[in-house]
Each structure stands twice: as structure tokens, then as C-alpha cells.
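Each remark here refers to the structure printed beneath this line.
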Ligand code: TRP
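In our numbering, the protein residues as written are 82 to 528.
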């Protein structure tokens with residue numbers, strides 16, 4: 082164990098940071114759009130089921146690997162098993178983290194544009210029709226490239242300040258503020274004329290809409306939203322103190338993350354039905370609907386500036402966690418300094434992010450399997466790499482890691498009931514791997 086590795090200072094810091102990683106565009110942008118595309122209520126129900134049956138055990142597995150080895154994903158596999166055949170999962174995690182960072186930064190860049198437009202009053206001055214047109218023009222142009230690069234640069238600057246000074250301080254303060262704002266917006270949406278239709282869409286499951294694509298979408302969203310499957314939670318757990326209770330932290334993180342996603346749904350869908358929009362509009366859905374919501378509010382420009390600023394920060398706490406995987410890897414495996422590792426990670430994401438940013442406009446026709454670069458990166462990482470990584474992590478911890486290590490880690494300095502340990506091991510050995518395999522293979526059309 083490396084004694085001089087950084088550690089999170091407080092209990093609250095641990096929760097705030099893992100929640101800070103989990104809560105981000107995945108909840109507020111991706112969840113409503115995926116729910117819309119996949120038909121509403123049934124998707125939500127399946128998603129929540131996956132979070133608790135598969136997500137929580139897999140977070141525990143990542144926590145165990147991270148804290149017991151105090152290492153990045155790559156070193157963790159080696160320290161616990163020593164055989165080189167697990168190394169590819171580490172490489173896969175690093176690949177996925179960079180793909181996600183690239184397309185995620187594009188959407189984070191959109192929030193920056195909206196923030197600027199809110200502050201300058203441009204957003205408020207347009208009517209709904211011209212606002213949608215303006216957003217389309219923006220997305221298809223070159224400006225998103227600029228914001229993607231700005232966002233990645235800010236991300237790098239915060240990372241260069243290190244774990245305690247940067248990550249922890251930022252998330253401690255801002256996550257609770259975001260939560261309060263979301264609740265206020267929820268109340269506003271519940272007062273809209275389309276509220277009952279929106280809530281019915283979100284909460285009334287219609288199982289006739291469920292097919293293997295819906296299942297895979299829900300699984301991918303669960304992994305994406307919990308920052309799971311590529312070693313983010315593993316890397317963060319390597320900074321936990323020995324006193325942090327792992328199971329409790331996993332449950333609290335998942336519950337809060339799910340709450341934020343549901344709140345985002347309650348904000349968006351009543352508005353979708355009030356304004357006569359299409360719930361299945363895809364990645365642009367939330368960005369077209371939100372300004373319409375703010376427009377109806379008194380002091381709309383103020384609300385929208387505040388909201389987009391917080392969304393920008395929530396995205397930052399998520400991208401910081403994603404980048405941390407690659408950085409810890411470059412540092413500890415190649416012996417690069419933290420500064421060089423950060424810059425390298427950021428540069429790769431800048432190149433790939435530029436391609437993603439342009440894939441709504443100039444590079445629209447550059448497609449693989451009919452998907453643009455942006456959609457391809459999203460699909461491959463969320464629906465393939467994350468579930469596969471999660472499956473391997475759960476198999477590894479369930480079958481190959483010594484039960485004594487599991488018990489010590491899960492118990493921490495407190496105690497753990499034997500049945501909880503058994504349930505977690507059972508999920509890791511059988512439920513999670515089988516569930517992920519079935520959903521993925523059928524979703525990808527293999528079975
Ligand atoms: N969970 C974050 C969100 O919902 C995104 C994220 C951060 C992530 N780190 C990750 C997704 C690692 C997958 C893997 O916005």
C-alpha cells in the first residue's frame with residue numbers, strides 16, 4: 082500500500098465526490114432523452130431495477146478493488162490477481178473513459194453556450210420557433226468546437242490542482258445547490274398544463290414498448306449514470322480512507338443519482354407535452370425544452386443563467402472523475418508526472434471531441450454502421466464497453482478475489498451483517514454477469 086497517496090478528507094467529501102461523479106449530464110441530459118426515445122415509464126422501471134440489482138453490487142466491487150489496492154484499474158487487477166490476462170479490461174476502461182470524455186465535453190460545451198446566451202439575454206429575446214432554429218444553427222456550425230475545447234481546458238486546469246484542492250472543494254459546495262434548484266424547477270413543471278400527460282408518460286409503464294433495445298438502453302444508462310464499468314469508482318475508492326463504509330456509500334450514491342435523474346424527468350416531460358414537442362427527439366431534446374421552461378418563469382434569464390452554470394459545474398465534476406482514470410493510469414503505469422499525464426489525456430480528448438462536435442454539422446455524413454462519430458462513441462462506450470467492463474469486474478471480484486479481502490473491505494472499521502455480504506457476493510457471481518450478458522447479447526442482436 083502506498084502511504085503517501087492522496088485521500089479524501091471527510092465522510093461528506095466522499096459522498097459529495099462520488100455523487101459529483103455520478104450526477105451530471107447523464108442524469109439531466111441523457112436520462113430524459115433515453116427515456117423519451119425508449120417510450121417512457123417501462124424504461125424508467127427497468128432502469129431503476131438495473132441500478133439496484135446490478136449497479137449497486139458492481140459499485141461495491143469497484144470500491145473493493147480500489148480501496149484494497151490503492152491503485153488505478155490496471156494496477157488493481159494486477160495487485161489482486163497478478164496474471165496479465167485481466168489487463169485488457171484496464172485498457173478497455175481507459176479507452177471508454179476517453180471516448181466518453183470526448184462526446185460528453187461537446188454537450189458540456191452546449192451548456193456553456195446556453196449559459197452565455199442566458200447572461201447576455203439572447204436566449205430570452207427569441208421566441209420558441211426561432212430559438213429552436215438558432216440552436217440547430219449553433220449545433221451544426223463550428224462554434225461547438227470552441228466550447229468543447231474551452232470546457233476541456235477548464236477541466237485540465239482543475240485537475241492540475243490535485244485531488245483535495247480541486248475536486249473535493251468544488252463538489253462539496255455545489256451539488257446541494259443543484260439539488261435545490263432542480264426541486265424548484267420540478268414544482269414549476271408540475272404546475273404546467275401538460276403535467277399529467279408528462280407524468281403519465283414517465284411513470285405509467287407500457288410494457289408493450291419493451292424490446293431488447295429498450296433493455297440494453299436501460300442497462301447502458303444505468304452504467305453511464307453511475308459512472309460504472311471503467312474504473313471511475315474504483316479510482317475514487319483508492320482515495321477513500323479505511324473508515325469509509327463501502328456498501329452504504331454505494332447505496333447512497335445510487336439513490337441520490339436516481340433521484341436526480343427522476344427529478345430531471347419530472348422537469349422535462351410535463352414541459353414536453355405542454356409545448357407539444359416530441360419526447361423521442363434524441364440528444365437535442367433537453368436543450369430545446371429547457372429554454373421554453375425558463376421563458377415561462379419570472380426572471381427567466383436569471384434562472385437559466387444559474388441553471389446552466391450549475392449544469393456546467395455538474396458536468397465538470399463528472400469529467401474530472403472520467404479524466405482521473407486515464408491520468409492515474411499514465412502516472413502510475415508510465416511514470417509520467419501528473420501534469421504531463423493530465424495534458425496528454427486532455428489533448429487526446431480535444432482531438433476526438435472536435436470530431437464529435439462537428440458530427441452534428443460538417444461531419445454529419447461521416448458515419449460508421451449508420452452512426453455519426455458522436456452517436457458511435459456514445460453507443461459503443463455506454464452500451465458495450467461499460468456493461469462489459471462491469472461484467473468482468475463483477476466476475477473478477479465475485480470469483481477471483483479472496484473472500485477475506487471482500488469481508489475486510491466491506492466491513493471497514495465497522496461491521497457488516499453476514500447476509501449482506503452473501504447477497505452482494507451472489508449478485509457479483511451470478512446475477513450481474515448473467516443479467517448483463519443476456520441483455521447485451523440480445524440488445525446487440527446476437528441472441
Ligand atoms: N455518471 C456521469 C453522468 O451521469 C458521467 C460519468 C462520469 C461517467 N464518469 C463516468 C460515465 C465514468 C461512465 C463512466 O453524467
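Note that beta-carbon positions come from the ideal geometry of N, C-alpha and C, so glycine has one too. This one's a predicted model, so the numbers in the text were calculated from it and none came from an experiment.
If you scan the region 196-276 from start to end, which runs of the alpha helix (DSSP H) of 4 or more residues do you find wholly inside it? Runs of the alpha helix (DSSP H) lying entirely within the region 196-276, each at least 4 residues long, are 203-206, 209-221, 224-241, 250-271 in chain order.
Starting from the N-terminal side, write out each stretch of the beta strand (DSSP E) that is 3 residues or longer and does not extend beyond the region 308-341. Listed in chain order, there is nothing to give.
Boundaries (first-last residue) of the alpha helix (DSSP H) holding residue 143: For this step, residue 143 is matched to residue 62 along the chain shown. Annotation for residue 143: the continuous alpha helix (DSSP H) segment containing it runs 137-150.
Of the residues 345, 444, 410, the one placed nearest residue 226, counting alpha carbons only: For the purposes of this step, residue 226 is identified with residue 145 of the chain shown, where counting begins at 1. Among 345, 444, 410, the Cα nearest to that of residue 226 is on 444.
Using the C-alpha atoms, what's the distance from residue 202 back to residue 525? What you label residue 525 is simply residue 444 of the chain shown in a count that begins at 1. What you label residue 202 is simply residue 121 of the chain shown in a count that begins at 1. Distance between residue 525 and residue 202, taken at the CA atoms: about 45 Å.
Look up residue 418 in the DSSP assignment and say whether it is helix, strand or coil. Here residue 418 corresponds to residue number 337 of the chain shown, with the count starting at 1. Residue 418 falls in the coil class under three-state DSSP.
Excluding the 5 residues flanking residue 196 on each side, which residues of the same chain have their C-beta closer than 7 Å to its C-beta? As a working mapping, residue 196 is identified with position 115 in the chain shown. Close CB contacts of residue 196 within its chain, under the 7 Å cut and outside five residues either way in sequence, are with 386, 389, 390, 393 (chain order).
Nearest to residue 381 by alpha carbon, out of 334, 472, 205? For the purposes of this step, residue 381 is taken as the residue at position 300 of the chain shown. Minimum Cα distance to residue 381 is reached at 205.
Mapping the DSSP letters down to three states, classify residue 525 as helix, strand or coil. In the chain shown, counting from the first residue as 1, residue 525 sits at position 444. The three-state reading of DSSP puts residue 525 in coil, since its state is none of H, G, I, E or B.
Can you name, in chain order, every residue of its own chain whose Cβ lies under 8 Å from the Cβ of residue 488, other than the five neighbours on each side? One-based indexing of the chain shown puts residue 488 at position 407. The residues are 497, 502.
Does DSSP classify residue 83 as helix, strand or coil? Looking up residue 83 in the chain shown gives position 2. In this prediction, residue 83 scores a pLDDT of 45, lower than 50, which makes its location untrustworthy; the coordinate-derived value is nonetheless stated afterwards. Look at residue 83 here: in three-state DSSP terms it is coil, with no helix or strand label.
Under 6 Å from any heavy atom of the ligand TRP, does the C-beta of residue 313 make it? Stepping through the chain shown from its first residue, residue 313 is reached at position 232. For residue 313, the distance from the CB to the nearest heavy atom of the ligand TRP is below 6 Å.
Skipping 5 residues on each side, what residues in its chain have a beta carbon closer than 6 Å to that of residue 521? Here residue 521 refers to the residue found at position 440 when the chain shown is read from its first residue. Take residue 521, set aside five residues on each side of it, and the residues of its chain with a beta-carbon closer than 6 Å to its own are 468, in chain order.
Ends of the alpha helix (DSSP H) at residue 95? Numbered from 1 along the chain shown, position 14 holds the residue referred to as residue 95. According to the DSSP assignment, residue 95 belongs to the alpha helix (DSSP H) that extends over 92-103.
Quick check on this structure: which residue in 116, 267, 451, 106 has the alpha carbon closest to the alpha carbon of residue 190? What you label residue 190 is simply residue 109 of the chain shown in a count that begins at 1. The alpha carbon of residue 190 has as its nearest neighbour, out of 116, 267, 451, 106, the alpha carbon of 106.
Nearest-angstrom Cα distance between residue 230 and residue 408? By one-based count along the chain shown, residue 230 stands at place 149. By one-based count along the chain shown, residue 408 stands at place 327. The straight-line gap separating the alpha-carbon atoms of residue 230 and residue 408 is approximately 18 Å.
Local Cβ density within 10 Å of residue 115, reported as buried at 16 or more and exposed below that: Within the chain shown, numbered from 1, the residue matching residue 115 stands at position 34. By the neighbour-count rule (16 or more Cβ atoms within 10 Å), residue 115 is buried.
Given the structure, does residue 305 come close to the ligand TRP, in the sense that its CB is under 6 Å from one of the ligand's heavy atoms? Counting from one through the chain shown, the residue named residue 305 turns up at place 224. Residue 305 Cβ: within cutoff of the ligand TRP.
What residues are listed by DSSP as bridge partners for residue 461? By one-based count along the chain shown, residue 461 stands at place 380. Answer by DSSP bridge pairing: none, since residue 461 is not bridged.
For residue 104, verify whether its CB is less than 6 Å away from any heavy atom of the ligand GDP. Looking at this structure, you won't find the ligand GDP anywhere; what it does contain is the ligand TRP.
Can we count residue 181 as close to the ligand TRP, meaning its CB is less than 6 Å from some heavy atom? Along the chain shown, read from residue 1 onward, the residue named residue 181 stands at position 100. The answer is yes for residue 181.
Rounded to whole angstroms, how far is the Cβ of residue 513 from the Cβ of residue 139, which I believe are closer than 8 Å? In the chain shown, the residue the question calls residue 513 occupies position 432. In the chain shown, the residue the question calls residue 139 occupies position 58. Contact flag correct, Cβ pair sits at about 6 Å.
Report buried or exposed for residue 511, applying the criterion of at least 16 other Cβ atoms within 10 angstroms of its Cβ. As a position in the chain shown, residue 511 is number 430, starting the count at 1. Taking all protein chains shown into account, residue 511 has fewer than 16 neighbouring C-beta atoms within 10 Å of its C-beta and is therefore exposed.
Helix, strand or coil for residue 491? Go by DSSP, reduced to three states. Here residue 491 corresponds to residue number 410 of the chain shown, with the count starting at 1. Three-state DSSP puts residue 491 in a helix.
Residue of 336, 377, 166, 433 minimising C-alpha distance to residue 133: Position 52 of the chain shown, counted from the first residue, corresponds to residue 133. Of the candidates 336, 377, 166, 433, 336 places its Cα closest to the Cα of residue 133.
Output the distance between the C-alpha atoms of residue 508 and residue 517, rounded to the nearest integer angstrom. Counting from one through the chain shown, the residue named residue 508 turns up at place 427. Counting from one through the chain shown, the residue named residue 517 turns up at place 436. Computed Cα separation, rounded: 11 Å.
CB-CB under 7 Å to residue 175, same chain, minus the five flanking residues each way: which ones, in chain order? Locating residue 175 in the chain shown gives position 94, where the first residue counts as 1. Result list for residue 175: 406, 407, 410, in chain order.
When the Cβ atoms of the region 210-217 are set against those of the region 252-266, are three or more pairs found closer than 8 Å? No: fewer than three Cβ pairs fall under 8 Å.
Thinking residue 505 and residue 141 are a contact (beta carbons under 8 Å), I'd like their distance in whole angstroms, please. On the chain shown, position 424 is the one that residue 505 refers to. On the chain shown, position 60 is the one that residue 141 refers to. Their Cβ separation, rounded to whole angstroms, is 6 Å, which keeps residue 505 and residue 141 in contact under 8 Å.
Burial state of residue 359 (16 or more Cβ within 10 Å): Against the chain shown, residue 359 aligns to sequence position 278. Residue 359 should be labelled exposed.
Just grab the DSSP bridge partners of residue 452 for me. Locating residue 452 in the chain shown gives position 371, where the first residue counts as 1. BP columns for residue 452 point to 449.
Measuring CB atoms only, is the region 373-380 touching the region 177-191, in the sense that at least three cross pairs come out at less than 8 Å? Contact between the region 373-380 and the region 177-191 is absent: fewer than three C-beta pairs spanning the two stretches fall below 8 Å.
Among residues of its own chain, excluding the 5 on either side of residue 540, which ones have a beta-carbon nearer than 8 Å to its beta-carbon? Any property of residue 540 remains undetermined from this structure, which presents the chain solely from 82 to 528.
Take the Cβ of residue 218 as the centre, count every other Cβ of all protein chains shown within 10 Å, and call the residue buried at 16 or more, exposed below. Taking the chain shown and counting its residues from 1, one reaches residue 218 at position 137. The residue is exposed, with fewer than 16 neighbouring Cβ atoms inside 10 Å.
Classify residue 450: buried if its beta carbon has 16 or more other beta carbons within 10 angstroms, exposed otherwise. Here residue 450 is taken as the residue at index 369 of the chain shown, counted from 1. Burial is judged here by how many other beta carbons sit within 10 angstroms of a residue's own beta carbon; residue 450 has fewer than 16 and is exposed.
Three-state class that DSSP yields for residue 426 in the structure shown: For the purposes of this step, residue 426 is taken as residue 345 along the chain shown, with counting starting at 1. Correct three-state label for residue 426: helix.
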